[in-house]
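Engineer:
Residue numbers (my numbering): 167 to 219.
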C-alpha cells in the first residue's frame, strides 16, 4: 500500500471557492479542526459543508 501524508497547507490547496467539503467526527472527536482552521485562515468561501457531527 502506498500511503502519502500531506500537511494541512498542502491539503487546503485542493479546496477551492465553491467546493463541497465533507467532514466527519463523533461529538468533536475526530473532527478535522486543523484543516478547518486552515480553510478559514486562507479565506476560502462559498463552500457547501456536509457534516455528520
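Glycine is no exception: its CB is placed at the ideal position from the N, C-alpha and C atoms.
Using only CA atoms, which one of 172, 183 and 171 lies nearest to residue 208?
Structural biologist: Along the chain shown, one-based indexing puts residue 208 at 42. Residue 208 has its Cα closest to that of 183, out of 172, 183 and 171.
Engineer: For residue 223 versus residue 198, is the C-beta distance shorter than 7 angstroms?
Structural biologist: Here the chain covers residues 167 to 219 and nothing more, so residue 223 does not appear.
Engineer: If you measure between the beta carbons of residue 174 and residue 201, is that distance less than 7 angstroms?
Structural biologist: In the chain shown, the residue the question calls residue 174 occupies position 8. In the chain shown, the residue the question calls residue 201 occupies position 35. Yes, these two residues count as a Cβ contact at 7 angstroms.
Engineer: Restricting to Cα atoms, I'd like to know which of 194, 177, 187 and 206 is closest to residue 215.
Structural biologist: Taking the chain shown and counting its residues from 1, the one referred to as residue 215 is at position 49. Cα-wise, what sits closest to residue 215 is 187.
Engineer: Contact check, residue 178 vs residue 205 under 8 angstroms by CB: the rounded distance?
Structural biologist: Locating residue 178 in the chain shown gives position 12, where the first residue counts as 1. Locating residue 205 in the chain shown gives position 39, where the first residue counts as 1. Contact holds; Cβ gap of about 6 angstroms.
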